[in-house]
Amino acid sequence: AALVFVATDEGDVRVFDAGDDPHWTGYCVPWAKLQSHRGQHVDAPPCPVTALAPAVSVSTELLIGTAEGGIYLWSCERHRGLCTYFLSASVCSLLWHQNGDN
Numbered sequence: 370a371a372l373v374f375v376a377t378d379e380g381d382v383r384v385f386d387a388g389d390d391p392h393w394t395g396y397c398v399p400w401a402k403l404q405s406h407r408g409q410h411v412d413a414p415p416c417p418v419t420a421l422a423p424a425v426s427v428s429t430e431l432l433i434g435t436a437e438g439g440i441y442l443w444s445c446e447r448h449r450g451l452c453t454y455f456l457s458a459s460v461c462s463l464l465w466h467q468n469g470d471n
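Spelled out as structure tokens, the structure:
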């Protein structure tokens, strides 16, 4: 399958399968799950996702960057956040090292 990760202004990340039979999958990373991993109240207003980077070596991990400066390492396999980092500025782009290190 050729998966395409699509970010929304509401902070969610959805997955589109662009393979032989293109369709939206049922998988979604909801903003509320990212917020709960961050330790903030889940009713906090959503923040636009500004950058996505699927892992090079582990196809089940995804880096998610936000306009508020948050970087989340998400495990699609475990359906939860693994790590959270914060910057003082908006995240414009993310890139994994070529050998898969984050």
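Just so you know, we're using my numbering here: the sequence shown kicks off at 370 and counts up by one. C-beta atoms are modelled at their ideal positions from N, C-alpha and C, and glycine is treated no differently.
- Under the DSSP assignment, Ser444 falls in the beta strand (DSSP E) whose first and last residues are 439–444.
- In the three-state DSSP reduction, Trp400 falls in the helix class (H, G or I).
- Beta-bridge annotation (DSSP): Leu421 is paired with Ile433.
- Our two residues, Leu403 and Asp389, have alpha carbons roughly 31 Å apart in a direct line.
- Rounded to whole angstroms, the gap between the alpha carbons of Glu446 and Ser462 is 23 Å.
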